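Working notes, beginning with the structure itself.
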Amino acid sequence: MDSPPHSAPDASSEGGPSSDFLNEQPPQLPAGEPAVSPEVDASVPFAFHGTAREYFRIWIVNTLLSLLTCGIFFAWAKVRKRRYLRGSTELLGNRFDYRADPVRLLIGNLIVALFFLGYGIFGAVYPPVRYGTIALIILCLPWIVVRSLAFNAHNTVYRGMRFRYKPSLAGAVGVYLLQPVVIVLTLGIYYPAWVRARQKFAVENHRLGDAYFRFDPPGSNFYAAYLLGGLILGGITAIGAFYLFGLRFGLKITRPDLLQMLPYFALSGLGLFIGRHFIFASLFNHLWNHTHLDDHRFIASMKVDRWLGLQLSNLGAIVLSCGLLYPWAVIRTLRYKASCIRFQPAGPLEKIEYLAVSRGNALGDTAAEFVGLDFGL
Amino acid sequence: MTTIQGLYSSGKWLISIPVTVVFEDDGSVRFSGEGISSQHRIEDIGISDRLAEIPRYLYLPDGATIESPDNGSIDAVLNSRRRGRLQSVIHFLETKSAIAAAATSAILLTVAGTLYFGLPGMAQKLASRVPPEIDKQVGDQALEAFRPYMDNSVATIQARRRVQTQLRRLLPGVSDVDLPRIIFCRLGTANAFALPGNNIVISMEFLNLVKHEDELAAVLAHELGHLKYRHGIQNLFRNSLALLFVATLTGDLSSLSRFGGTIPLMLVQNGYSRSFEREADRHALSAMIAAEIPPRRFSSILARMEKTNGNTFNALSHVSTHPSVEERAALFDVGDPLPEPAPGVDPPPASAANATSPRTYPATRFSSRQNTHTTQLDANGGVQPVPLALTQPVYPPELQAAGIEGEVNLSFIVEVDGSVSNPVVVSSNNEGFNASAIAAVSSWRFFPGRLRDGKPVRVRMAVPIKFTTSEPPSIRPQPEK
Numbered sequence: 033m034d035s036p037p038h039s040a041p042d043a044s045s046e047g048g049p050s051s052d053f054l055n056e057q058p059p060q061l062p063a064g065e066p067a068v069s070p071e072v073d074a075s076v077p078f079a080f081h082g083t084a085r086e087y088f089r090i091w092i093v094n095t096l097l098s099l100l101t102c103g104i105f106f107a108w109a110k111v112r113k114r115r116y117l118r119g120s121t122e123l124l125g126n127r128f129d130y131r132a133d134p135v136r137l138l139i140g141n142l143i144v145a146l147f148f149l150g151y152g153i154f155g156a157v158y159p160p161v162r163y164g165t166i167a168l169i170i171l172c173l174p175w176i177v178v179r180s181l182a183f184n185a186h187n188t189v190y191r192g193m194r195f196r197y198k199p200s201l202a203g204a205v206g207v208y209l210l211q212p213v214v215i216v217l218t219l220g221i222y223y224p225a226w227v228r229a230r231q232k233f234a235v236e237n238h239r240l241g242d243a244y245f246r247f248d249p250p251g252s253n254f255y256a257a258y259l260l261g262g263l264i265l266g267g268i269t270a271i272g273a274f275y276l277f278g279l280r281f282g283l284k285i286t287r288p289d290l291l292q293m294l295p296y297f298a299l300s301g302l303g304l305f306i307g308r309h310f311i312f313a314s315l316f317n318h319l320w321n322h323t324h325l326d327d328h329r330f331i332a333s334m335k336v337d338r339w340l341g342l343q344l345s346n347l348g349a350i351v352l353s354c355g356l357l358y359p360w361a362v363i364r365t366l367r368y369k370a371s372c373i374r375f376q377p378a379g380p381l382e383k384i385e386y387l388a389v390s391r392g393n394a395l396g397d398t399a400a401e402f403v404g405l406d407f408g409l
Numbered sequence: 379m380t381t382i383q384g385l386y387s388s389g390k391w392l393i394s395i396p397v398t399v400v401f402e403d404d405g406s407v408r409f410s411g412e413g414i415s416s417q418h419r420i421e422d423i424g425i426s427d428r429l430a431e432i433p434r435y436l437y438l439p440d441g442a443t444i445e446s447p448d449n450g451s452i453d454a455v456l457n458s459r460r461r462g463r464l465q466s467v468i469h470f471l472e473t474k475s476a477i478a479a480a481a482t483s484a485i486l487l488t489v490a491g492t493l494y495f496g497l498p499g500m501a502q503k504l505a506s507r508v509p510p511e512i513d514k515q516v517g518d519q520a521l522e523a524f525r526p527y528m529d530n531s532v533a534t535i536q537a538r539r540r541v542q543t544q545l546r547r548l549l550p551g552v553s554d555v556d557l558p559r560i561i562f563c564r565l566g567t568a569n570a571f572a573l574p575g576n577n578i579v580i581s582m583e584f585l586n587l588v589k590h591e592d593e594l595a596a597v598l599a600h601e602l603g604h605l606k607y608r609h610g611i612q613n614l615f616r617n618s619l620a621l622l623f624v625a626t627l628t629g630d631l632s633s634l635s636r637f638g639g640t641i642p643l644m645l646v647q648n649g650y651s652r653s654f655e656r657e658a659d660r661h662a663l664s665a666m667i668a669a670e671i672p673p674r675r676f677s678s679i680l681a682r683m684e685k686t687n688g689n690t691f692n693a694l695s696h697v698s699t700h701p702s703v704e705e706r707a708a709l710f711d712v713g714d715p716l717p718e719p720a721p722g723v724d725p726p727p728a729s730a731a732n733a734t735s736p737r738t739y740p741a742t743r744f745s746s747r748q749n750t751h752t753t754q755l756d757a758n759g760g761v762q763p764v765p766l767a768l769t770q771p772v773y774p775p776e777l778q779a780a781g782i783e784g785e786v787n788l789s790f791i792v793e794v795d796g797s798v799s800n801p802v803v804v805s806s807n808n809e810g811f812n813a814s815a816i817a818a819v820s821s822w823r824f825f826p827g828r829l830r831d832g833k834p835v836r837v838r839m840a841v842p843i844k845f846t847t848s849e850p851p852s853i854r855p856q857p858e859k
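Line by line, the protein sequences are chains S and W. Residue numbering for the first sequence follows our numbering, beginning at 33 and increasing consecutively. Residue numbering for the second sequence follows our numbering, beginning at 379 and increasing consecutively.
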């Protein structure tokens with residue numbers, strides 16, 4: 033079996049400024065916005081070469097193999113699927129590589145599966161177990177997030193160089209345990225600011241070689257996006273509430289059954305779906321336009337209406353095809369995302385130099401996926 | 379000798395240099411590009427697996443990589459070195475449309491088979507190994523949800539007696555301590571359900587719907603089926619396993635929390651719930667036949683519950699937790715047709731259970747003699763029933779607070795075992811007292827009336843119950859003339 037070398041290259045083999053990675057702080061940017069270079073011609077696109085046909089075949093064969101092996105092949109399937117998606121993404125002539133060790137993912141999966149089976153069954157018998165588990169998950173959340181980001185970054189490779197994630201547990205505790213308390217205390221007003229802080233935490237601890245990722249968007253756009261998203265959700269939910277009023281006072285149905293409630297639930301679900309994707313699309317450009325890799329920049333140009341149309345048609349296709357069109361939805365989503373982002377180098381990328389660090393943990397990766405954390409990076 | 383083009387990255391700097399790689403037949407690998415050239419043994423080089431048409435990577439021993447889209451040539455080299463056989467099998471499977479089509483049908487079949495047979499079978503095996511104490515724990519937890527709705531009013535005394543009578547019919551030879559625990563609730567809908575740990579929850583609204591005690595027995599038989607097959611615990615296992623299974627299938631658990639991901643899971647869980655209902659129905663049918671209860675009683679109460687609760691789910695049987703009423707009634711469509719309601723049929727004492735809405739049982743409705751076979755002991759010269767325990771009725775608090783007094787004349791039967799049955803209101807000057815009066819009378823105990831030869835007989839008695847705010851009313855039941 034040919035497998036890529038999973039260990040990071042030996043730190044001693046290179047003499048760069050590597051040894052003190054964990055404590056190192058990024059150098060301060062020169063004050064003020066770096067001059068936005070007007071020559072857009074300098075920017076290069078992210079190209080996505082994946083096709084729904086290829087991905088469907090990979091997806092279906094690997095899903096079947098997972099089923100036939102009672103889920104053991106699942107980890108290998110996941111690595112193959114991710115490798116395909118990363119390997120289909122091109123920047124400046126080079127593709128991205130995904131080098132995760134399936135065995136580590138498998139171990140993580142097994143632990144999470146056991147954990148949740150135990151939670152579901154023991155929790156029904158002894159509720160304290162359930163509350164204890166939830167408390168444990170909340171307490172472990174910062175660690176899970178950090179580990180998962182680190183695992184993903186470590187296994188994503190560009191031009192033979194791994195991305196890095198500086199595992200700052202203290203920062204994660206602040207973002208994932210302390211700031212949510214602030215959200216509650218401010219009755220949710222702090223929420224958009226928290227999303228910004230969370231994003232900043234995720235982006236700024238990433239590095240590629242010795243280059244730092246930076247993230248400096250103003251908070252006002254977050255508030256605008258969440259306000260509009262909330263209005264959309266509120267508007268659609270209001271239609272549902274109007275429908276309920278109609279049932280209650282128009283048709284005199286005091287206790288509607290599930291079927292009569294169906295339009296209400298469908299509207300609420302749709303409202304959440306549209307609201308969520310509206311917020312994602314309106315923040316997407318904002319997030320990427322304020323993300324830097326040292327002095328290199330990203331330029332994003334996503335259109336909210338196109339993104340909403342894409343996601344709504346994806347949802348319809350997946351539901352109608354009993355999930356079989358899921359790979360198709362993944363491919364067209366990624367293709368559109370890639371077409372929205374351009375990279376604007378401020379100078380030769382070749383100046384970025386290798387640094388040595390520790391690896392991420394597969395358990396954190398799986399656990400974070402379970403909790404449903406998606407950073408959209 | 380094979381030659382490929384690639385992009386070299388040193389791993390130390392973020393560089394990308396075009397190189398030409400030459401694989402010699404003797405196993406040495408040379409590559410050269412602008413300012414770079416090197417030589418390695420092919421055994422020392424890791425080569426990434428073939429995956430569709432995405433580029434391959436050669437992982438060099440010094441941490442450098444060479445990226446090349448020339449999949450065909452690399453495969454040929456690996457093939458000649460007999461490397462990467464296992465990976466090439468998976469790649470082969472991934473490239474053939476016919477295999478993808480076959481895999482699609484295989485997955486659909488496996489999924490259907492696992493969800494319909496595999497998981498339920500596994501859940502059943504697991505459930506049978508769960509000790510009864512765990513059952514009880516689960517049931518107690520579930521009961522907590524009903525605590526706010528529990529009804530402990532006097533009306534339940536009579537209700538409990540009725541339910542116990544039917545349970546003994548269905549479970550002859552089972553000692554009283556082993557009978558299911560009955561919990562009465564006010565839920566706003568006519569319903570009854572079984573909870574693990576031998577519990578049956580019955581809504582008072584349901585009891586009011588019962589027009590014949592056989593119907594009560596029919597529904598109880600269904601709930602006993604749920605208890606017998608431990609459906610509560612099985613359900614727990616099935617749903618947990620289904621969650622894991624669907625998660626394995628969709629590739630990640632996070633998709634379950636999303637809008638689209640929950641729909642399949644909901645459908646699966648509804649399907650399970652319906653299969654449990656069918657099993658409980660089949661148990662009810664055999665239990666009713668054994669207890670000589672006409673099976674059609676089940677259909678009649680089911681239809682009435684449906685009408686009252688206003689379920690319009692028949693058209694949407696797939697998404698409902700229960701199969702459609704027509705489908706269930708068909709199962710019970712055996713034996714003789716039910717007799718038309720006649721004066722000889724048992725009265726609906728159900729209404730006694732409803733203490734908060736006395737309007738539902740006007741006194742006149744019960745004034746005619748409903749039960750036959752009581753004995754007039756005066757004529758035969760026997761011994762009248764002797765009261766052993768006469769509970770005072772509870773003065774309805776709102777009437778007491780308002781200072782309203784009243785009198786309820788009741789008629790009831792003292793059974794041969796000394797218990798009271800069929801209490802009915804003959805006349806009443808305030809319906810608000812009826813429920814309390816009936817509840818009190820139902821709990822009374824007598825030494826049964828006897829014929830001259832000592833044989834106990836049923837005797838119809840009458841009693842006026844006075845509610846006065848001044849002094850406790852005296853109670854003197856008399857044989858009815």
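For every residue, glycine included, the Cβ atom is placed at its ideal position computed from N, Cα and C. Everything numeric in this text was worked out from a predicted model, so none of it was measured.
Neighbour flag for Phe-375/S against chain W, beta carbons, 8 Å: no
Proximal chain S residues relative to Leu-622/W, where beta-carbon distance stays under 7 Å: Ala-145 and Leu-149
Contact with chain W by Val-21/S, beta-carbon distance below 8 Å: The structure shown does not extend to residue 21/S, since chain S is modelled only from 33 to 409, so the question has no answer here.
Closer than 7 Å at the beta carbon, the chain S residues around Glu-421/W: Within chain S, no residue comes near Glu-421/W; the closest Cβ sits about 11 Å away, beyond 7 Å.
Check whether Pro-249/S and His-328/S have beta carbons under 8 Å apart: no
Simplified DSSP state of Met-866/W, which is helix, strand or coil: Residue coverage of chain W in this structure runs from 379 to 859, which leaves residue 866/W outside it and unanswerable.
is_contact[Ile-126/S, chain W] using C-beta, thresh 8 Å: Here residue 126/S is Asn; the residue named in the question, Ile, does not match the sequence. At least one chain W Cβ lies under 8 Å of Asn-126/S.
Cutoff 8 Å: Leu-573/W Cβ touching any chain S Cβ: no
Per DSSP, cross-strand counterpart(s) of Cys-102/S: Cys-102/S pairs with nothing; no bridge assigned.
C-beta neighbour in chain S for Pro-726/W, strict 8 Å: With a pLDDT of 43 at Pro-726/W, under the threshold of 50, the modelled position of this residue cannot be trusted; read the value that follows with caution. No, Pro-726/W does not count as interfacial toward chain S.
Proximity to Trp-360/S [Cα-Cα], best of Leu-149/S, Leu-117/S, Ala-273/S and Val-76/S: Leu-117/S
Ile-468/W, DSSP secondary structure in three states: helix
Sequence-distant residues of its chain with Cβ nearer than 8 Å to Ala-349/S (five each side left out): Leu-357, Trp-360 and Ala-361
Buried versus exposed, by CB contacts within 10 Å (16 or more), Tyr-223/S: buried
Beta-carbon contacts of Ala-595/W that lie in its chain and below 8 Å, excluding the five residues immediately before and after: Gln-544, Arg-547, Leu-548, Met-666, Ala-669, Ile-671 and Arg-675
Environment of Tyr-258/S [buried if 16+ CB atoms lie within 10 Å]: buried
Bridge-paired residues (DSSP) for Phe-330/S: Phe-375/S
Contacting residues, own chain, Cβ-Cβ under 6 Å from Arg-115/S (five flanking each side not counted): Tyr-130
Contact with chain W by Asp-337/S, beta-carbon distance below 8 Å: no
Under 8 Å (Cβ pairs) to chain S, residues found in the stretch 445 to 469 of chain W: Glu-445, Leu-456, Arg-461, Gly-462, Leu-464, Gln-465 and Ile-468
Contact set for His-81/S: own chain, Cβ-Cβ below 6 Å, skip 5 residues either direction: Ser-120
Bridge-paired residues (DSSP) for Val-407/W: Phe-401/W and His-418/W
Contact list for Asp-129/S against chain W, beta-carbon separation under 7 Å: Tyr-435
Same chain, Cβ closer than 7 Å to Leu-694/W, five either side skipped, listed in chain order: Reliability of the predicted coordinates at Leu-694/W is poor, the pLDDT of 41 falling under 50, and the value obtained from them is presented with this limitation in mind. Correct list: empty, nothing qualifies.
Beta carbon proximity, Ser-821/W to chain S, threshold 8 Å: no
Interfacial residues, the stretch 105 to 127 of chain S to chain W, with Cβ spacing under 8 Å: Phe-106, Ala-109, Lys-110, Arg-112, Lys-113, Arg-115, Tyr-116, Gly-119, Ser-120, Leu-124, Gly-125, Asn-126 and Arg-127
Burial state of Glu-421/W (16 or more Cβ within 10 Å): exposed
Ser-406/W, buried or exposed, once every other Cβ within 10 Å from all chains shown has been counted against 16: exposed
Close beta carbons around Leu-521/W, own chain, < 8 Å, minus the five adjacent residues each side: Ile-561, Leu-573, Asn-577 and Val-579
Chain S contact residues for Gln-612/W, given Cβ-Cβ distances below 7 Å: In chain order: nothing, as chain S lies at least about 12 Å away.
Whether Cys-563/W touches Asp-529/W by CB criterion (8 Å): yes
Start and end residues, alpha helix (DSSP H) containing Asp-453/W: 449 to 458
His-600/W beta carbon less than 8 Å from that of Ala-658/W: yes
Beta-carbon neighbours of Gly-266/S, restricted to chain W and to distances below 8 Å: Within 8 Å Cβ-Cβ: nothing; Gly-266/S doesn't reach chain W, min ~18 Å.
Reduced DSSP category for Phe-825/W - H, G, I as helix; E, B as strand; rest coil: strand
CB contact check: Met-334/S to chain W, cutoff 8 Å: no
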